[in-house]
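Just below is one structure, and these are the notes that go with it.
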Amino acid sequence: MRAALRRRCWASLPARLRLLRTATVSLAAALVLLLALAAFAATDTWNAVAGRDAPRTTSAADLDLSLNDMDAQAANILLSSGDAGQGRLKTPYEKAVGFYGDARTAISHDLRTLAVAAEGDRVDERTVESLTDDFAEYQELIGRALENDSRTGGKTAALADYRSATDLLQSQLLPDASELVDSNDEAFNAEYTRSRSALSAQLAAVIALGVLLLAVLGVLQWYLARRFGRNLNPGVLAATVCALLAVLLGSQALAASAEDLRVARRDAFDSVVALSRARAIAYDANADESRYLLDPGRRDQYARAFLAKSQQLYGLSHASLSTYDAGLDRTWHAYEADHDDLGFTGEFRRELDNITFPGERAAAEKTIETYAVYQRDDRKIRALLAQGKEREAVEFCMGWEPGTSNAHFGEWMAALDKVTDINRAHFADSVDAGRSETTGLLPWTLGLLIAAGALTVLGLRPRLAEFR
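Numbering-wise, our numbering comes out as the position in the sequence shown, counting from 1, plus 3.
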């Protein structure tokens with residue numbers, strides 16, 4: 004049966020031409036379908052990356068930061084308020100009140116964003132619900148602390164309420180916020196891996212079908228030249244050119260989209276996540292300084308917490324607060340001499356190991372340099388307090404004049420933001436480029452393939468007409 008069918012399809016010259024025509028049109032149609040599906044999938048991927056995966060990860064990181072900032076500003080308010088307004092540090096107090104309100108507003112916004120993003124994921128939904136409930140309790144405790152602080156002699160009661168609030172923050176709110184950062188980042192990474200694999204498979208399929216299509220067109224052109232004694236068939240030649248351009252453009256679009264996705268995720272967003280974590284840790288460490296000054300009964304606890312967060316940012320083996328600065332200087336000079344030197348770890352090391360874009364290394368190194376200045380300020384605050392100069396320590400910690408700790412912290416955060424902005428900009432550029440590859444090249448590719456099929460049919464029509 005099969006042999007008879009094969010003889011029937013290949014028995015005559017018109018049958019052979021029709022078979023090759025059918026093969027050409029079928030392969031072109033298969034490529035059109037494959038590239039159309041790839042275009043839809045790539046569009047969905049870029050929409051998910053820009054509209055869901057990246058925003059929900061950064062929202063979780065922003066929540067972590069804002070929680071730390073709100074607690075730091077609450078401590079700063081209590082530190083600078085004086086006794087019911089008597090002896091108040093006017094500028095630090097007013098700035099702390101303003102920043103406190105900004106942080107509270109940002110937290111409310113981030114919780115709403117994360118609640119929407121968590122829909123359908125029961126683990127994340129429960130985490131957001133827990134965060135929302137705990138944040139309401141936290142605000143109540145801070146509100147009571149500030150209310151007590153507004154009364155003459157109310158500092159002791161205010162400090163007790165603040166302790167309860169910051170304990171809730173450290174035991175519940177911050178771990179839940181960090182869990183959301185990790186879970187959303189892992190979800191993004193899983194989507195990235197799946198999408199890259201799909202693009203690689205689609206690229207391989209396009210190349211395989213494209214080579215097969217070009218081979219069939221080549222056989223058809225050779226067969227026509229041999230049977231009809233003509234060098235080239237114009238229609239089939241034009242179809243071959245269209246098919247070749249389509250395969251090249253389609254392969255380029257898929258390969259470029261895969262590379263844009265890699266740059267967006269690995270080169271840019273990995274750094275954004277590391278730097279966002281670093282910023283949240285920095286705000287928490289800065290809060291530990293204020294807590295250290297505010298709460299004499301917990302100074303050892305807050306000193307250890309400050310060191311632990313410093314180690315998360317710029318990790319040094321076996322360092323203490325008294326040896327940290329010397330270790331930072333030594334390892335940083337070693338790094339400047341050899342960028343592969345592994346004398347330190349932490350979030351800043353993650354960023355320095357992922358330098359990709361113009362200007363990024365200089366900005367990252369500036370961040371470390373301003374961080375070192377801030378660390379030296381911390382030792383000055385502790386030294387002033389050890390000398391019994393509590394008022395001077397508070398003023399230096401909370402002042403905004405040039406040369407004070409807050410001013411240097413602001414310079415450090417500005418340097419950190421510059422590195423983050425470089426990576427955010429390249430993330431956005433990669434997303435735009437990926438979308439452009441999808442919406443720009445692939446439609447032309449589809450048109451060329453349709454033209455290849457049509458030109459093949461038109462090119463063969465005169466030859467088949469000769470057998471009627």
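By construction, the Cβ of each residue, glycine as well, lies at the ideal position given by its N, Cα and C atoms.
Nothing here was measured: the structure is a model prediction, and the numbers come from that model.
Helix, strand or coil: which one does DSSP assign to residue i?
i: glutamine 89; result: strand
i: threonine 348; result: strand
i: valine 318; result: Note that residue 318 is glycine in the sequence shown, not valine. Strand, per DSSP.
i: alanine 290; result: helix
i: glutamate 262; result: helix
i: leucine 8; result: Low confidence applies here, because leucine 8 scores a pLDDT of 46, under 50, leaving its location unreliable; read the following figure in that light. Note: leucine 8 maps to helix in three-state DSSP.
i: glutamine 390; result: coil
i: glutamate 404; result: coil
i: glutamate 122; result: coil
i: aspartate 67; result: helix
i: aspartate 74; result: helix
i: aspartate 298; result: coil
i: serine 174; result: helix
i: serine 186; result: helix
i: aspartate 273; result: helix
i: aspartate 179; result: helix
i: serine 84; result: coil
i: aspartate 343; result: coil
What are the start and end residues of the alpha helix (DSSP H) that includes residue i?
i: arginine 438; result: 408-439
i: tryptophan 335; result: 324-340
i: threonine 1; result: Residue 1 lies beyond the residue range present for the chain, which begins at 4 and ends at 471; the question has no answer from this structure.
i: asparagine 357; result: Counting along the chain, asparagine 357 falls outside any alpha helix (DSSP H), and DSSP gives it neither H nor E.
i: asparagine 236; result: No alpha helix (DSSP H) contains asparagine 236, which DSSP labels as neither H nor E.
Just confirm the distance between the C-beta atoms of residue i and residue j, as a whole number of angstroms; I'd bet it's less than 8 Å.
i: threonine 27; j: glycine 450; result: Rounded, the Cβ-Cβ distance is 17 Å, inconsistent with contact.
i: tyrosine 317; j: tyrosine 305; result: The Cβ separation is near 19 Å, so there is no contact.
i: leucine 70; j: leucine 212; result: 53 Å between Cβ atoms; not a contact.
i: leucine 144; j: leucine 171; result: 7 Å
i: glutamine 255; j: alanine 41; result: Not really, about 13 Å apart at Cβ, beyond 8 Å.
i: alanine 45; j: serine 260; result: 5 Å
i: leucine 117; j: leucine 66; result: 7 Å
i: aspartate 137; j: serine 62; result: Aspartate 137 to serine 62, Cβ: 17 Å. No contact.
Can you name, in chain order, every residue of its own chain whose Cβ lies under 7 Å from the Cβ of residue i, other than the five neighbours on each side?
i: serine 198; result: Thr48, Leu264
i: leucine 331; result: Tyr317, Leu319, Ala375, Gln378
i: alanine 53; result: Val434
i: threonine 60; result: Val184, Asn187, Asp188, Phe191, Val276
i: glutamate 354; result: Ser274, Ala277, Leu278, Ala367, Val422
Any idea which residues DSSP pairs residue i with across the strands?
i: glycine 157; result: Looking at the DSSP assignment, glycine 157 forms no beta bridge with any residue, so it has no partner.
Excluding the 5 residues flanking residue i on each side, which residues of the same chain have their C-beta closer than 6 Å to its C-beta?
i: glutamate 363; result: Ile425
i: leucine 68; result: Arg282, Ala283, Tyr286
i: threonine 243; result: Leu220
i: leucine 463; result: Leu20, Arg24
i: glutamate 395; result: Leu387
i: alanine 121; result: Asp127, Glu128, Val131
i: proline 178; result: none
i: lysine 421; result: Ala366
i: leucine 324; result: Leu310
What does a CB cutoff of less than 8 Å around residue i pick up in its chain, not counting 5 residues either side in sequence?
i: phenylalanine 392; result: Inspection of the sequence shows that residue 392 is occupied by lysine rather than by phenylalanine. Nothing listed; no residue qualifies.
i: glutamine 142; result: Arg107
i: glutamine 76; result: Ala99, Val100, Phe102, Tyr103, Ala106
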